[in-house]
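Asker: All you need for my numbering is the position in the sequence shown, starting with 1, plus 103.
Glycine included, each C-beta is placed from N, C-alpha and C at the ideal position.
Got a structure here, written out as structure tokens. Questions coming.
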Amino acid sequence: MSKNIVLFSDGTGNSSGKLFKTNVWRLYQALDLSGPDPKKPNKPEQIAYYDDGVGTSSFKPLALLGGAFGWGLKRNVIDLYTFLCRNYQEGDSIYCFGFSRGAFTIRVLVGLINSQGLMSAETQADLKRLGLKAFREHRRARYKSVFQLETPARALRDGVIRAQNKLLGQGVSSQPITILRPQITFLGLWDSVAAYGLPIEELTRAWNAVFPLSVPDRDLSGIVKRACHALALDDERNSFHPVLWNEDHQPEKNAASTHIRDEIISQVWFTGMHSNVGGGYPDDALAHVSLAWIMEEANAVGLLFKQEEWDRIKATANPYGKLYDSRHGVGGTYRYLPRKLSTLSNDMDDITNQVVIPRPKIHESVFQRIAKGVDGYAPFILPERYAVVTASGAIVDPSNPQQGSSSINEHPTQATDRVNRQEKIWNLVWWKRVAYFTSILVVIALLAFPLFRPTTVA
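Shown next, in the form of structure tokens:
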């Protein structure tokens, strides 16, 4: 009987050993891994692999490298890939979940599976070497720097690897390699961000130009049957803006569906900062809202959970939960820029990496908080045209709420007026960005002051 294989990749700095867990860990804990049940002959076996996020090393310099430069991402991809190669058989269903940099890791993994397939090997050592080789071939084909400086470096590296394998007698077995081409049943991601996490966008772009690791395009892989992406409305860090999927090639550009399950890609915005949506804060009631949504959609395509865990998560989900500050403390070094949905949903800067989302979807819990919350919550980044996703999964046009169960009602003229008023607020955003640059210059000046201080001669 076929089985469900479930892969989990956690976010930057997040692991099973952390005090405050993410939605990736919670979903892993909620998974039904009890095995076959004689009373339920059609119940599939489920096996799972959970991988800590990058930047979780106990050695602080490595943790810093992981957080800023994605150190360890390749290892995580290979770990997930080889687990899948060992366990996948024809007819199995594959489910993948990730948060933050872990969501990016899952997207790289899907690209690797799409381009290289799944391989079999006689030994674990052979499988690891095959996995590393597959990853190198995938990167060679898909990731290129601006001046292709990596070409001679990769040729030198490959020569060294061949010589090392020959010297140590570590060649891969001569047995024929079986390559399988599976489909991915479900992707469930929370606020996918880029591979690199530098606080200044220009540094991130420069580093990626030399060591490319960003996704080469924003289109969902054709091997994915269903993908759900929970996104954070309120994060204010420029270099933490989400890596969205392009919906321009979806049926009717995802602009006419009336229920979430009519879509292949569903990207839905929720109240909160990056970790308010993906989890990791002490008060995580907000994170449970998006977790419950992802679990509902995964269950609809065959993934099984422990009922008591699922009930607990739904009971503790609270759209009025604590909203944290993503730029608190060290986060203040990240450049300030709220997530303007109209810009993120029409990103045409890079012709090979375009994002077109004609109708952004916002979860109804956002509007519940706006209407009934006690904290004056009023996001000024909502676009003129959007759709509301209800708890039942209906996709409702706010200008015609009768078509669904949503209570949100905004006439097009009201939406236009709202957007005009929001634009005035963006003038204040500009001043806050000026304050950010000023504070950074002051910090640099203070750090440099001892270098230029005149020495006194006794």
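Nearest to ALA330 by alpha carbon, out of PHE540, GLU399, THR185, TRP529?
Answerer: Walking along the sequence shown from the start, residue 330 turns up at place 227. Looking at the Cα atoms, GLU399 is the closest of the given residues.
Asker: Going by the CB atoms, is the gap between ILE209 and GLY220 shorter than 8 Å?
Answerer: Your numbering for residue 220 matches position 117 in the sequence shown. Your numbering for residue 209 matches position 106 in the sequence shown. Cβ atoms of GLY220 and ILE209: not closer than 8 Å.
Asker: Identify which residue in GLU487, PRO501, GLN517 has its Cα closest to the Cα of THR101.
Answerer: Nothing in the structure corresponds to residue 101, since the chain is present only between 104 and 561.
Asker: Does DSSP classify ILE397 as helix, strand or coil?
Answerer: The sequence position of residue 397 within the sequence shown is 294, counting from 1. Helix at ILE397.
Asker: Who pairs with SER429 in a beta bridge, going by DSSP?
Answerer: Counting from one through the sequence shown, the residue named residue 429 turns up at place 326. For SER429, which the question treats as bridged, DSSP gives no partner whatsoever.
Asker: Tell me whether the segment 210-217 and the segment 144-156 touch, counting them as touching only if at least three CB pairs, one residue from each stretch, are closer than 8 Å.
Answerer: Flag = no, the segment 210-217 and the segment 144-156 do not touch.
Asker: According to DSSP, is LYS356 part of a helix, a strand, or is it coil?
Answerer: Within the sequence shown, numbered from 1, the residue matching residue 356 stands at position 253. DSSP places LYS356 in helix when its eight states are reduced to three.
Asker: Rounding to the nearest angstrom, what Cα-Cα distance links ILE197 and GLY383 in this structure?
Answerer: To locate residue 197, count along the sequence shown from 1; it is residue 94. To locate residue 383, count along the sequence shown from 1; it is residue 280. Straight-line Cα distance between these residues: approximately 26 Å.
Asker: Check whether the Cβ atoms of ASN217 and ARG321 sit closer than 8 Å, and answer yes or no.
Answerer: Against the sequence shown, residue 217 aligns to sequence position 114. Against the sequence shown, residue 321 aligns to sequence position 218. Contact flag unset, no.
Asker: List, from N- to C-terminal side, the beta strand (DSSP E) runs of 3 residues or more that fit wholly inside the segment 468-528.
Answerer: Fully enclosed beta strand (DSSP E) runs of 3 or longer: 490-492.
Asker: Is the Cβ-Cβ distance between LEU334 and CYS199 less than 8 Å?
Answerer: Here the question's residue 334 lines up with position 231 in the sequence shown. Here the question's residue 199 lines up with position 96 in the sequence shown. Not in contact: LEU334 and CYS199 (Cβ atoms no closer than 8 Å).
Asker: Who are the near neighbours of ALA490 in its chain, counting only those whose CB is closer than 8 Å to its CB and skipping five residues on each side?
Answerer: To locate residue 490, count along the sequence shown from 1; it is residue 387. Excluding residues within five positions, the ones whose Cβ falls inside 8 Å are ARG462, PRO463, LYS464, ILE465, ILE498, VAL499, ASP500, PRO501.
Asker: The beta strand (DSSP E) with SER378 in it runs from where to where?
Answerer: As a first step, residue 378 is located in the sequence shown; it is residue number 275 there, counting from the start. Element bounds for SER378: not the beta strand (DSSP E) but the alpha helix (DSSP H), 377-381.
Asker: Would you tell me roughly how many angstroms separate the C-alpha atoms of ARG239 and ILE287, rounded to the nearest one?
Answerer: As a first step, residue 239 is located in the sequence shown; it is residue number 136 there, counting from the start. As a first step, residue 287 is located in the sequence shown; it is residue number 184 there, counting from the start. Each residue's alpha carbon lies about 22 Å from the other.
Asker: To the nearest angstrom, how far is it from the Cα of ILE473 to the Cα of LEU130?
Answerer: The sequence position of residue 473 within the sequence shown is 370, counting from 1. The sequence position of residue 130 within the sequence shown is 27, counting from 1. One C-alpha to the other measures close to 28 Å.
Asker: So, helix, strand or coil for SER295, using DSSP?
Answerer: The residue given as residue 295 occupies position 192 in the sequence shown. Coil, per DSSP.
Asker: So, GLY381 versus ASP337, is the Cβ gap smaller than 8 Å?
Answerer: Your numbering for residue 381 matches position 278 in the sequence shown. Your numbering for residue 337 matches position 234 in the sequence shown. Against a cut-off of 8 Å, the Cβ pair of ASP337 and GLY381 comes out as no contact.
Asker: Measure the alpha-carbon distance for GLY435 versus THR541 and round it to whole angstroms.
Answerer: Translated into the one-based positions of the sequence shown, residue 435 becomes position 332. Translated into the one-based positions of the sequence shown, residue 541 becomes position 438. Answer to the nearest angstrom: the Cα atoms are 13 Å apart.
Asker: Per DSSP, which residues does ALA133 bridge with? Please list them.
Answerer: Walking along the sequence shown from the start, residue 133 turns up at place 30. Answer is none; ALA133 lacks a bridge partner.
Asker: Nearest by alpha-carbon distance to ASN379: which of CYS188, VAL469, ALA228 is it?
Answerer: Here residue 379 corresponds to residue number 276 of the sequence shown, with the count starting at 1. Taking only the C-alpha atoms, the option nearest ASN379 is VAL469.
Asker: Taking 8 Å as the cut-off, decide whether the C-beta atoms of LYS425 and ASP386 are in contact.
Answerer: Translated into the one-based positions of the sequence shown, residue 425 becomes position 322. Translated into the one-based positions of the sequence shown, residue 386 becomes position 283. Yes. Within cutoff.
Asker: Who are the near neighbours of TRP413 in its chain, counting only those whose CB is closer than 7 Å to its CB and skipping five residues on each side?
Answerer: Translated into the one-based positions of the sequence shown, residue 413 becomes position 310. The residues are ALA133, MET398.
Asker: Can TYR152 and PHE186 be called in contact, C-beta distance under 8 Å?
Answerer: Position 49 of the sequence shown, counted from the first residue, corresponds to residue 152. Position 83 of the sequence shown, counted from the first residue, corresponds to residue 186. The answer is yes: Cβ separation under 8 Å.
Asker: Please list the terminal residues of the continuous beta strand (DSSP E) segment that includes GLN370.
Answerer: For the purposes of this step, residue 370 is taken as residue 267 along the sequence shown, with counting starting at 1. Unbroken beta strand (DSSP E) run through GLN370: 368-373.
Asker: Nearest-angstrom Cα distance between PRO139 and ASP195?
Answerer: Within the sequence shown, the letter at position 36 stands for residue 139. Within the sequence shown, the letter at position 92 stands for residue 195. The straight-line gap from Cα to Cα measures roughly 15 Å.
Asker: On a CA-only basis, which of LYS236, LEU290, ALA359, TYR439 is nearest TRP529? Give me that one, please.
Answerer: Position 426 of the sequence shown, counted from the start, is the residue given in the question as residue 529. Considering only alpha carbons, the answer is TYR439.
Asker: Quick one: grab the DSSP three-state call for LYS95.
Answerer: The question about residue 95 has no answer, for the chain in this structure spans 104 to 561.
Asker: By alpha-carbon positions, which one of ASP294, ILE326, TRP372 ends up nearest to LEU444?
Answerer: Residue 444 sits at position 341 when you count from the first residue of the sequence shown. If we check each option's Cα against that of LEU444, TRP372 comes out closest.
Asker: Rounded to the nearest angstrom, what separates GLU225 and ALA206 at their Cα positions?
Answerer: The residue given as residue 225 occupies position 122 in the sequence shown. The residue given as residue 206 occupies position 103 in the sequence shown. Whole-angstrom Cα-Cα distance: 31 Å.
Asker: With burial defined as no fewer than 16 other Cβ atoms inside 10 Å of the residue's Cβ, what is the status of ASN107: buried or exposed?
Answerer: Residue numbering aside, residue 107 sits at position 4 when the sequence shown is read from its first letter. Classification of ASN107: buried, given that the 10 Å Cβ count is 16 or more.
Asker: Name the DSSP bridge partner or partners of LYS464?
Answerer: If you number the sequence shown from 1, residue 464 lands on position 361. Partner(s): VAL371, ALA490.
Asker: TYR184 lies in the alpha helix (DSSP H); which residues open and close that run?
Answerer: Position 81 of the sequence shown, counted from the start, is the residue given in the question as residue 184. First-last of the alpha helix (DSSP H) with TYR184: 176-190.
Asker: Would you grab the beta carbon distance between VAL127 and SER112 for me? Rounded to a whole angstrom, and I think it's under 8 Å.
Answerer: Along the sequence shown, one-based indexing puts residue 127 at 24. Along the sequence shown, one-based indexing puts residue 112 at 9. 7 Å between Cβ atoms; contact.
Asker: Counting only the same chain and skipping the five closest in sequence on each side, list residues whose C-beta sits under 6 Å from that of SER369.
Answerer: Here residue 369 corresponds to residue number 266 of the sequence shown, with the count starting at 1. Excluding sequence neighbours, SER369 sits near CYS331, ILE363.
Asker: In angstroms, rounded to a whole number, what distance separates the CA positions of ALA395 and ILE367?
Answerer: For this step, residue 395 is matched to residue 292 along the sequence shown. For this step, residue 367 is matched to residue 264 along the sequence shown. ALA395 and ILE367: Cα-Cα distance of roughly 19 Å.
Asker: Measure the alpha-carbon distance for ASN421 versus ASN349 and round it to whole angstroms.
Answerer: Translated into the one-based positions of the sequence shown, residue 421 becomes position 318. Translated into the one-based positions of the sequence shown, residue 349 becomes position 246. Roughly 30 Å separates the two Cα atoms.
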